[in-house]
Amino acid sequence: MYGMPMTIFLFVCLFVTGVSCNSVGDKIYVDFKDNIPCVRLLNATHQIGCQSSLSGDVGVLHLLESEENLDWVLSSGPDPPYMVMLESTLFTRSVMMKLKSSSNRVAGVVVVAPNTNPSAGFSPHASCPNENSGVYTEKYSPSLAHCNATVWNPLGNNLSYEEFDFPIFSLKDDNDTQAMRQCYMDHNRPVNGSKPRYPLCAMQLFSHMSAVTDTATCMRRNSIAMSLNPEFVCDPLGDVNIWALSKPLNVTEKGHKPGESVIIAAARLDSRSFFFDIAPGAESTASGLVTLLAVAHALRNATQEAQLNTTIMYTFFHGETFDYIGSSRMVFDMERNQSIIDLDNVHSVLEVGQVGLHGDTKLWLHSDPVSRRNSSIDEEVCCELMSASSNILQALPPSSFQRFLRARPIPGVVIENHQSTFTNRYYQSMYDNSDYLNVSYPPGLTPEEQLDFVTDAAKVLLLTCCLQLCSPPNGTEREGFCVRSTCRTTKAVSPAFELEEYTSSNYSTWTESRWKSIKGRIFLVASHDLEMLTLGVGVGVLLTSLLLTFFISSKADILFNSGREPTNATY
């Protein structure tokens, strides 16, 4: 009579109980909200970066408070392997290489996001950026090759080009950082050098990378289709170049444009740091990008009214950090008549590099001393620029212009805020941010809101320049209308991947490994003895249960005999 209502009641109770309960995993683990890993990159010869094992790496959490405290991790600590939590001030090449040399005792590293920039400077990039992909080689002015004349980035420690066989993460969320600190203080902090007692706070980091060895290997594995849904293990680095013309040209016909003379005004779009997706590039990239956008905006009316004989091509190259991907692709397309112009149409190149000003910093004009030995090129460059130019015998700094010079001797200059070595003390690092340039914001914004503010402002400025470069203003008109813009994009993927020359020394061969999961979490771990005891008890209970089940099953006819009367009983 009450069967159905009672069933419904029990079902509702179970549903409510299930909804209100947390999973067992939520009770054991505390997951990080914002995981920023170091990832694996590959080129024609080797691999760099970091990765974890397939199931993630686990270690006891240790907060490194000073470099002298490294001995606990490297030798004296009783509970290896360790997950090392580093303050940003300790994220140096010296510390990281010591951890790398003792990887059997190090399970991973977590770097706390910095609040301030180190006063001494820090650059994990190479001291000679794009050393093997510029114009200076053993065939073209060997005395200037490999930064023999000028070491452009003297603070570069090459940390971004090392390979680590353990995961390295950066934490941006303050709640994650505080949870880690509290867990360490409560469970792991040694008192007077004594061994901390169990349970200990442990950490697990997942950042397994699919690609290994080099670009040729991973691209070969990409081409092997073993199923209807093949899995790729790496992707070529690349994006798009953005360019706009000061006056319209016929873009439907590729190749040489008779009678057209084009000045390429260039800047780069990309930056990088040790960690994936942290690339502020305030001085190394944004200063030149914003300056060129401002120039394009300022010259818009002047170029239309003056009716110049030359066309200005405002170009923003992507992938320049990785052996000039964007500029080498544009030159490649021009040489093969796959661009709207060819190299014969290029009158000269003006590149805006690092132009962030610090105090009384001056701007310097750099040119190529080798091509200027040609009298006609020298006349184009020197007459009006000698007062602001750098040493005439000094090589060009790392710049997109070098890729054009590799193709042919084109007149050009690069504008920088340094005469010789970089004034940027945080080149290609997470510290190359707006604080370094003393950028001002509207009052009352949080750091996240400040980032959104400048990002949105840059996007709007770029869109405005592209849309309005060759169109008249519409005043106060608010109705929508179509715009035929001269702003366009082209592929910024290295020609090596189109030519399938994955071991090329002429073009960039950088690829990025794919991954399935990037995450980190902390939890409490018991002692090894207790784990073995728990395992032993569990195995004992299992064996006892199996024996008991076997015994009951074998004696079931006796134990569960119902004693019923035979079916042929009569009354």
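Heads up: the sequence shown is residues -21 to -1, 1 to 550, going by mature numbering (1 follows the signal peptide of the UniProt record, and there is no 0).
Built from N, CA and C at the ideal position, the CB exists for glycine as well.
Model, not experiment: these values are computed from the prediction.
Nearest-angstrom beta carbon gap, residue j and residue i [assumed within contact, 8 Å]
i, j, result
"N132", "Y415", "The Cβ separation is near 15 Å, so there is no contact."
"T294", "A245", "5 Å"
"Q26", "T192", "6 Å"
"L40", "I501", "7 Å"
"H166", "L503", "7 Å"
"D249", "G298", "6 Å"
"K241", "V325", "Checking the sequence shown, residue 241 turns out to be Val, not Lys. Yes, they are in contact, since the Cβ atoms of V241 and V325 sit about 6 Å apart, within 8 Å."
"S82", "F145", "6 Å"
"F254", "G35", "The Cβ separation is near 18 Å, so there is no contact."
"N14", "F148", "6 Å"
"D302", "S112", "4 Å"
"T402", "T340", "6 Å"
"P60", "R84", "5 Å"
Cβ pair residue i, residue j closer than 8 Å
i, j, result
"T490", "P175", "no"
"G335", "A261", "yes"
"N492", "L21", "One point to set straight first is that residue 492 is Ser, not Asn, in the sequence displayed. It is a contact, given that the beta carbons lie within the stated cut-off."
"V212", "A190", "yes"
"I304", "S487", "yes"
"V114", "R308", "no"
"G135", "R404", "no"
"Q407", "S252", "yes"
"Q373", "T116", "no"
"Y481", "M188", "no"
"P377", "N201", "no"
"Y177", "A505", "yes"
"D10", "K495", "no"
"S327", "P390", "yes"
Same chain, Cβ closer than 6 Å to residue i, neighbours up to 5 away in sequence not counted
i, result
"M62", "G38, L40, A86, G87 and M182"
"S306", "F296, S379 and R382"
"V331", "A246, G267, T270, L271 and I394"
"Y8", "R500 and F502"
Own chain partners of residue i with C-beta closer than 7 Å, once the 5 adjacent residues on each side are dropped
i, result
"Y140", "I27 and A105"
"K233", "N316, Q317, S318 and I319"
"R72", "N136 and L138"
"D323", "H235"
Any non-hydrogen atom of the ligand GDP within 7 Å of residue i CB
i, result
"Y420", "This structure lacks the ligand GDP; in fact it carries no ligand of any kind."
Buried versus exposed call for residue i [16 or more other C-beta atoms within 10 Å across all chains shown]
i, result
"G172", "exposed"
"Q30", "buried"
"N208", "exposed"
"S350", "buried"
"M292", "buried"
"D155", "buried"
"M64", "buried"
"N396", "buried"
"V3", "exposed"
"C461", "exposed"
"N540", "exposed"
Close Cβ partners of residue i (< 8 Å) along its chain, the five nearest in sequence each way excluded
i, result
"T469", "V219, N220, W222, R308, M309, D312 and S318"
"S366", "Because S366 carries a pLDDT of 49, less than 50, the predicted location of this residue cannot be relied on, and the following value inherits that uncertainty. Around S366: no qualifying Cβ."
"E428", "none"
"D152", "F11, K12 and D13"
Legend entry - the segment 147 to 165 in contact with the segment 86 to 101 per 3-pair CB rule at 8 Å: yes
Notebook entry, point to check: Using 8 Å as the Cβ pair cut-off and three pairs as the minimum, do the segment 520 to 534 and the segment 232 to 246 touch?
Noted result: Judged by Cβ distances under 8 Å, the segment 520 to 534 makes no contact with the segment 232 to 246, as fewer than three pairs qualify.
Practice prompt. Pair every Cβ in the segment 525 to 536 with every Cβ in the segment 220 to 236, then say whether three or more of these pairs are closer than 8 Å.
Written response: no
### Message
When you compare the segment 41 to 59 with the segment 73 to 82, are there three or more beta-carbon pairs, one atom per stretch, that lie closer than 8 Å?
### Response
yes
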